[in-house]
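Chemist: The structure that follows is given in the form of structure tokens.
Below you can see the structure in the form of structure tokens.
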């Protein structure tokens, strides 16, 4: 009887050990598969905000607007869109006389305002992209922004402090002071005005304009439609 009980205990212990070994083997097989896929490219796989930042950051610059007497009037953010052009918020360049784009590598480029729409708050800039930096592409989707879509804002709340924030599209179209806006929960701070709002593919779905005073955590962006209207007007 004693031998039978001992044998039963031994079998139960072995079954427990075998179950643990199977679980570890399964876990290692899953992890190994994931690592192999990443290792196959020779690079660490990234996604989400990190991927968006890597693809878009070099196209975003710190924007400085000066008064006639040479004193600094305001600062903001802008981003390259190709063909020697860039975008920012109209209120950033309003009443400015001269302007500079400061890039991440410290280089400074003089820029000029080609056109601006103060009602929709978007401005088109001319900037010499002599170093052939990456440029951002506007979303070509028929519906560029959707309710609940992940969104990423990039801008300069500090001169040397470009940041990225993540949120969702709270509303792709909302009437704010008689103008249609895109609303996002991606955090926005002073100095980020004029920066891009991007989707997960790194394409522009809006342009940062401001924040609500009465609605914490919800921020206002110019829509793709209004950006395209100004671009079309600038090319005519």
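Residue numbers (our numbering): 4 to 239. Glycine is no exception: its CB is placed at the ideal position from the N, C-alpha and C atoms.
Roughly how many whole angstroms lie between the Cα atoms of residue 141 and residue 206?
Modeler: Locating residue 141 in the chain shown gives position 138, counting from the first residue. Locating residue 206 in the chain shown gives position 203, counting from the first residue. Going by the C-alpha atoms only, they are around 5 Å apart.
Chemist: Using 8 Å as the threshold, is the stretch 63-73 in touch with the stretch 95-113, meaning 3 or more CB pairs across them?
Modeler: They touch, by the three-pair rule.
Chemist: Using only the alpha-carbon positions, how far apart do residue 117 and residue 234 sit?
Modeler: Counting from 1 along the chain shown, the entry for residue 117 is found at position 114. Counting from 1 along the chain shown, the entry for residue 234 is found at position 231. Rounded to whole angstroms, residue 117 to residue 234 spans 10 Å at the Cα level.
Chemist: Is it a yes or a no for the stretch 74-91 touching the stretch 176-192, going by three-plus beta-carbon pairs under 8 Å?
Modeler: With the cut-off at 8 Å, the stretch 74-91 and the stretch 176-192 do not touch.
Chemist: Compare the beta carbon distance of residue 91 and residue 197 with 8 Å and say whether it is the shorter of the two.
Modeler: Locating residue 91 in the chain shown gives position 88, counting from the first residue. Locating residue 197 in the chain shown gives position 194, counting from the first residue. Cβ distance < 8 Å, so residue 91 and residue 197 count as in contact.
Chemist: Check for me: the alpha helix (DSSP H) holding residue 51 runs from which residue to which?
Modeler: Within the chain shown, residue 51 is the residue found at index 48, counting from 1. First-last of the alpha helix (DSSP H) with residue 51: 51-59.
Chemist: Put residue 100 into one of helix, strand or coil per three-state DSSP.
Modeler: Position 97 of the chain shown, counted from the first residue, corresponds to residue 100. Here residue 100 sits in coil by DSSP.
Chemist: Checking 8 Å against the spacing of the C-beta atoms, do residue 106 and residue 155 come in under that value?
Modeler: Residue mapping note: residue 106 aligns to position 103 of the chain shown, counting from 1. Residue mapping note: residue 155 aligns to position 152 of the chain shown, counting from 1. Not closer than 8 Å, so no.
Chemist: Would you call residue 81 buried or exposed, if buried means 16 or more other Cβ atoms sit within 10 Å of its Cβ?
Modeler: The count along the chain shown starts at 1 and reaches residue 81 at position 78. The residue is buried, with at least 16 neighbouring Cβ atoms inside 10 Å.
Chemist: Take residue 186 and list the residues in its own chain whose beta-carbon comes closer than 6 Å to its own, dropping the five residues that flank it on each side.
Modeler: Residue 186 sits at position 183 when you count from the first residue of the chain shown. The answer, listed in chain order, is 173, 174, 177, 221.
Chemist: Given this structure, state the Cα-to-Cα distance separating residue 230 from residue 165, to the nearest angstrom.
Modeler: Here residue 230 is taken as the residue at index 227 of the chain shown, counted from 1. Here residue 165 is taken as the residue at index 162 of the chain shown, counted from 1. Distance between the alpha carbons of residue 230 and residue 165 is about 23 Å.
Chemist: Hey, residue 223 and residue 55: beta-carbon distance below 8 Å or not?
Modeler: The residue you call residue 223 lines up with position 220 of the chain shown. The residue you call residue 55 lines up with position 52 of the chain shown. Cβ atoms of residue 223 and residue 55: not closer than 8 Å.
Chemist: Any idea if residue 202 is buried or exposed, counting beta-carbon neighbours within 10 angstroms, 16 or more meaning buried?
Modeler: Numbered from its first residue, the chain shown carries residue 202 at position 199. Classification of residue 202: buried, given that the 10 Å Cβ count is 16 or more.
Chemist: From 51, 86, 184, 217, pick the residue whose C-alpha is nearest to that of residue 139; which is it?
Modeler: Taking the first residue of the chain shown as position 1, residue 139 is located at position 136. The residue with the shortest Cα to Cα distance from residue 139 is 86.
Chemist: Let me know the beta strand (DSSP E) ranges lying completely inside the stretch 168-206, each 3 residues or longer, listed in chain order.
Modeler: As far as the stretch 168-206 is concerned, its whole beta strand (DSSP E) runs of at least 3 residues are 182-187, 199-201.
Chemist: Out of 157, 216, 125, 79, which one is the CA nearest neighbour of residue 226?
Modeler: By one-based count along the chain shown, residue 226 stands at place 223. Cα-wise, what sits closest to residue 226 is 125.
Chemist: Taking only three categories from DSSP, how would you classify residue 134?
Modeler: Taking the first residue of the chain shown as 1, we reach residue 134 at position 131. Here residue 134 sits in coil by DSSP.
Chemist: Does DSSP put residue 148 in a helix, in a strand, or in coil?
Modeler: Working through the chain shown from its first residue, we reach residue 148 at position 145. It is coil, neither helix nor strand.
Chemist: For residue 161, which beta-bridge partners are listed by DSSP?
Modeler: Start at 1 with the first residue of the chain shown, and residue 161 comes out as number 158. Answer is 164.
Chemist: Using the three-state DSSP reduction, which class does residue 120 fall into: helix, strand or coil?
Modeler: Taking the chain shown and counting its residues from 1, one reaches residue 120 at position 117. Three-state DSSP puts residue 120 in a strand.
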